[in-house]
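K.L.:
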Amino acid sequence: METIHKIGRRKTAVARVYVSEGSGSITINKKELNNYFTTGTLQYKVNQPLMLTGNEGNFDLNVSVNGGGITGQAEAVRLAIARAMCELNEENRSALKPEGLLTRDPRMVERKKFGQKKARKKFQFSKR
1 METIHKIGRR KTAVARVYVS EGSGSITINK KELNNYFTTG TLQYKVNQPL MLTGNEGNFD
61 LNVSVNGGGI TGQAEAVRLA IARAMCELNE ENRSALKPEG LLTRDPRMVE RKKFGQKKAR
121 KKFQFSKR
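This is the structure we're talking about:
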């Protein structure tokens, strides 16, 4: 099996995943999964596509991720892994699709407008 390359995005985070056969090691930006994503919730998000398809420990994942915050990065990695699992075996799609793991989340941060404090918040009006 040759290496499979897939891209996942979330907000401004972009993840590139390289999947090859191996012992199940997950390397993110040259760090182990547990060292890069320290909380259990983020580790669960990254492992979710592998657990649903029953491929834990079958593939080595080399991930390059940049931009955004840690939650956006974890969800970008999850999307890229889910796409790679679909390319490996088309039957995995039926397990991943109902969980919403193949859908790219289109929500982005709304820009700040001039004359306002934030995107929607206004400056306080004082009557003096």
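For the sequence shown, full-length UniProt numbering begins at 1 and goes up steadily by one.
Positions of the beta carbon are idealized from the N, C-alpha and C atoms, including for glycine.
Use the C-beta contact count for A13: other C-beta atoms within 10 angstroms, 16 or more gives buried, fewer gives exposed.
P.N.:
Answer is buried; the Cβ neighbour count reaches 16.
K.L.:
Three-state secondary structure (DSSP) at A82?
P.N.:
If DSSP states are grouped into helix, strand and coil, A82 belongs with the helices.
K.L.:
Check whether the Cβ atoms of V63 and N29 lie closer than 9 Å to each other.
P.N.:
Yes, Cβ-Cβ distance for V63 and N29 is below 9 Å.
K.L.:
Apart from the five residues on each side of it in sequence, which residues of its chain come closer than 6 Å, Cβ to Cβ, to E87?
P.N.:
Result list for E87: I4, in chain order.
K.L.:
Do Q48 and E91 have their C-beta atoms closer together than 9 Å?
P.N.:
No. Outside cutoff.
K.L.:
Is DSSP giving G40 helix, strand or coil here?
P.N.:
Correct three-state label for G40: helix.
K.L.:
Touching or not, the segment 8 to 23 and the segment 71 to 89, by the rule of three or more beta carbon pairs under 8 Å?
P.N.:
A contact exists between the segment 8 to 23 and the segment 71 to 89.
K.L.:
At a cut-off of 8 Å, would you count F125 as near the ligand HEM, judging by its Cβ distance to the nearest heavy atom?
P.N.:
This structure does not include the ligand HEM; it has no bound ligands of any sort.
K.L.:
Have a look at the DSSP bridge pairing and note the partners of N92.
P.N.:
The partner list for N92 (beta bridge, DSSP) is empty, contrary to what the question assumes.
K.L.:
Taking K6 as part of the beta strand (DSSP E), name the residues at either end of that continuous run.
P.N.:
Looking at the DSSP string, the run of the beta strand (DSSP E) that includes K6 is 4 to 10.
K.L.:
Below 8 Å on the Cβ atoms is my contact criterion, and I expect G24 with E2 to pass it. Report the Cβ-Cβ distance as a whole number of Å.
P.N.:
Actually they are not in contact, since the Cβ atoms of G24 and E2 sit about 19 Å apart, beyond 8 Å.
K.L.:
List the whole-angstrom C-beta distance separating L42 from A95, where the pair is believed to meet the contact cut-off of C-beta under 8 Å.
P.N.:
Between A95 and L42 the Cβ distance is about 21 Å, and since that is not below 8 Å, they are no contact.
K.L.:
Rounded C-beta distance between V17 and A84? I'm assuming under 8 Å.
P.N.:
At roughly 6 Å, the Cβ-Cβ gap stays under 8 Å, so V17 and A84 are in contact.
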